[in-house]
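A.B. asks: This is the structure I have questions about; it appears just below.
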Amino acid sequence: MLPTRLMPAPLTIGTSVRDALDGAITAIAAAGCETPRLDAELLLADVLGVGRERLCTDPDLLVAGPVVRAFQNAVRRRAVQREPVAYILGRRGFRRLELSVDPRALIPRPESELLVEVALGLGAGARVLDLGTGSGAVALALKDERPDLNVSGSDASERALELARANAERLALDVQWLHADLFDGVGEFDAILCNPPYVAESERAELQPEIVRHEPPEALFAGPDGLSSIRALLAQLAERPQVRFLALEIGAGQAPAVAELTRAAGFDTIRFERDLARVQRVVVAERST
Numbered sequence: 011m012l013p014t015r016l017m018p019a020p021l022t023i024g025t026s027v028r029d030a031l032d033g034a035i036t037a038i039a040a041a042g043c044e045t046p047r048l049d050a051e052l053l054l055a056d057v058l059g060v061g062r063e064r065l066c067t068d069p070d071l072l073v074a075g076p077v078v079r080a081f082q083n084a085v086r087r088r089a090v091q092r093e094p095v096a097y098i099l100g101r102r103g104f105r106r107l108e109l110s111v112d113p114r115a116l117i118p119r120p121e122s123e124l125l126v127e128v129a130l131g132l133g134a135g136a137r138v139l140d141l142g143t144g145s146g147a148v149a150l151a152l153k154d155e156r157p158d159l160n161v162s163g164s165d166a167s168e169r170a171l172e173l174a175r176a177n178a179e180r181l182a183l184d185v186q187w188l189h190a191d192l193f194d195g196v197g198e199f200d201a202i203l204c205n206p207p208y209v210a211e212s213e214r215a216e217l218q219p220e221i222v223r224h225e226p227p228e229a230l231f232a233g234p235d236g237l238s239s240i241r242a243l244l245a246q247l248a249e250r251p252q253v254r255f256l257a258l259e260i261g262a263g264q265a266p267a268v269a270e271l272t273r274a275a276g277f278d279t280i281r282f283e284r285d286l287a288r289v290q291r292v293v294v295a296e297r298s299t
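For what it's worth, the working numbering labels the leading residue of the sequence shown as 11, then goes sequentially.
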C-alpha cells in the first residue's frame, strides 16, 4: 500500500490539465523532490505527446483515456520510487542533442557541457577520447559541433557502451566506441576529456535518493576522498606524453588536490572552468613540451 500523501489524487475521465497537474505537484512535493511543478509538467506533456508550453496555452486540453493511467504511473515512479525524471522520460537534452538515457549510465548534467566547450578550440583533426563516456553525451556533442575531429568514446561498462552506440546510431554521428578500463588497450590520442567518478564514499548519505537509488554507483563513487579514479587516470597519463590536452570534470573543493596531481603527471599549463554555481568544475591542462 502506497503512502496516501505520495499518491496523486484520482483522475476522472476528462480531467483538466490544471487539476491533473495540481494533484501531481502535491504528490511530488510531498516526496521531497526539489522541482515538483517542473517534474509534473514534463511528465504530463510526455504522456500527452505535446510540448510543455501547450499545457498553458491550450485550454481545451484534457487528461483522458489511457493517458490517465500513464500519467499516474509516471507520478508514482517520481514520487514514491524517486526515479529521476530523465529516466522516466527516457531522454535528456545535452547541448544541441537529445540523448536516450537509462540506468546503464549517468544522466548527463549541464556541468559536463563544459567539457565540450573547452574542447571546441582543439586543432583540426585532433584525436579526442571521451574516457568514461557513459551515454556518449560528451563525445557525441563534440562530434556534432566539431565534425572534423576524430572522436572516440570509451567505457569500462559494456552496458553503457550499448547505450552510447544506440545514441550514435540514432543521431547519425560517427564516433568510435572502445570497451576499456582507463587506457588498457586504448591507442594514441591528442586530447582526453573525462567525467570520472569523483564523489567520496563519505558523501553517499548526502546525495539525493534519485542519485543513490537509480544511477550506476561505479560512475559516482571514488574512494574515501573521491579522488581514487582521478589519481589512477593521471598516473597513466604521466606515461602518455603524446596526450597534450586534458579536460577533467571534478567535484566541489577538489581543485587544489587535482591541480597538484595534474602537475605531477607532466602538465604545465593548468586552469579551471567554473560552472553556473561558480564552482571550479573542470580542470583544463596542457603540455607545452
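For each residue, glycine too, the CB sits at the ideal point set by N, CA and C.
Are the CB atoms of L230 and P251 within a distance shorter than 8 Å?
C.D. replies: As a working mapping, residue 251 is identified with position 241 in the sequence shown. As a working mapping, residue 230 is identified with position 220 in the sequence shown. Cβ atoms of P251 and L230: not closer than 8 Å.
A.B. asks: If you run the structure through DSSP and keep just helix, strand and coil, what is L31?
C.D. replies: Counted from its first residue, the sequence shown places residue 31 at position 21. It is helical.
A.B. asks: Taking all protein chains shown into account, do 16 or more other C-beta atoms lie within 10 angstroms of the C-beta of E179, making it buried, or fewer, making it exposed?
C.D. replies: The residue labelled residue 179 in the question sits at position 169 within the sequence shown. With fewer than 16 other Cβ atoms within 10 Å, it is exposed.
A.B. asks: Answer yes or no: do R79 and I38 have a C-beta to C-beta separation smaller than 8 Å?
C.D. replies: As a first step, residue 79 must be located in the sequence shown, where it is residue number 69. As a first step, residue 38 must be located in the sequence shown, where it is residue number 28. Cβ distance not < 8 Å, so R79 and I38 don't count as in contact.
A.B. asks: Measuring straight from C-alpha to C-alpha, what distance separates V222 and R214?
C.D. replies: The sequence position of residue 222 within the sequence shown is 212, counting from 1. The sequence position of residue 214 within the sequence shown is 204, counting from 1. Each residue's alpha carbon lies about 7 Å from the other.
A.B. asks: Provide the residue span of the beta strand (DSSP E) that contains Q279, from first to last.
C.D. replies: To locate residue 279, count along the sequence shown from 1; it is residue 269. In the sequence as presented, Gln is not what sits at residue 279; that position holds Thr. Residues 279-284.
A.B. asks: Taking the alpha-carbon positions, what's the E108 to R119 distance?
C.D. replies: As a working note, residue 108 is residue 98 in the sequence shown. As a working note, residue 119 is residue 109 in the sequence shown. R119 has its alpha-carbon roughly 13 Å from the corresponding atom of E108.
A.B. asks: Looking at the strands, I want to know which residues DSSP matches up with V294.
C.D. replies: Stepping through the sequence shown from its first residue, residue 294 is reached at position 284. Per DSSP, A257, R281.
A.B. asks: Three-state secondary structure (DSSP) at C43?
C.D. replies: In the sequence shown, residue 43 corresponds to position 33, counting from 1. Coil.
A.B. asks: Check this for me: beta carbons of I98 and A84, under 8 Å apart or not?
C.D. replies: In the sequence shown, counting from the first residue as 1, residue 98 sits at position 88. In the sequence shown, counting from the first residue as 1, residue 84 sits at position 74. A contact, by the Cβ cut-off of 8 Å.
A.B. asks: Candidates R105, A166, L159, Q264: which alpha carbon is nearest G142's?
C.D. replies: Here residue 142 refers to the residue found at position 132 when the sequence shown is read from its first residue. The shortest Cα separation from G142 among R105, A166, L159, Q264 belongs to A166.
A.B. asks: Measure how close the beta-carbons of L71 and R64 come, nearest whole angstrom, since I'm counting them as under 8 Å.
C.D. replies: In the sequence shown, residue 71 corresponds to position 61, counting from 1. In the sequence shown, residue 64 corresponds to position 54, counting from 1. About 7 Å; that satisfies the 8 Å criterion.
A.B. asks: One question on the structure: do V138 and L244 come within less than 8 Å of each other, judged by their Cβ atoms?
C.D. replies: As a working note, residue 138 is residue 128 in the sequence shown. As a working note, residue 244 is residue 234 in the sequence shown. For V138 and L244, no; Cβs fall outside 8 Å.
A.B. asks: Which whole-angstrom value describes the C-beta separation of V319 and D49, a residue pair presumed to lie in contact below a C-beta threshold of 8 Å?
C.D. replies: Any property of residue 319 remains undetermined from this structure, which presents the chain solely from 11 to 299.
A.B. asks: Within 8 Å, do at least three Cβ pairs link the segment 178-196 to the segment 154-163?
C.D. replies: yes
A.B. asks: Is A134 near S164, with beta carbons less than 8 Å apart?
C.D. replies: As a working note, residue 134 is residue 124 in the sequence shown. As a working note, residue 164 is residue 154 in the sequence shown. Against a cut-off of 8 Å, the Cβ pair of S164 and A134 comes out as no contact.
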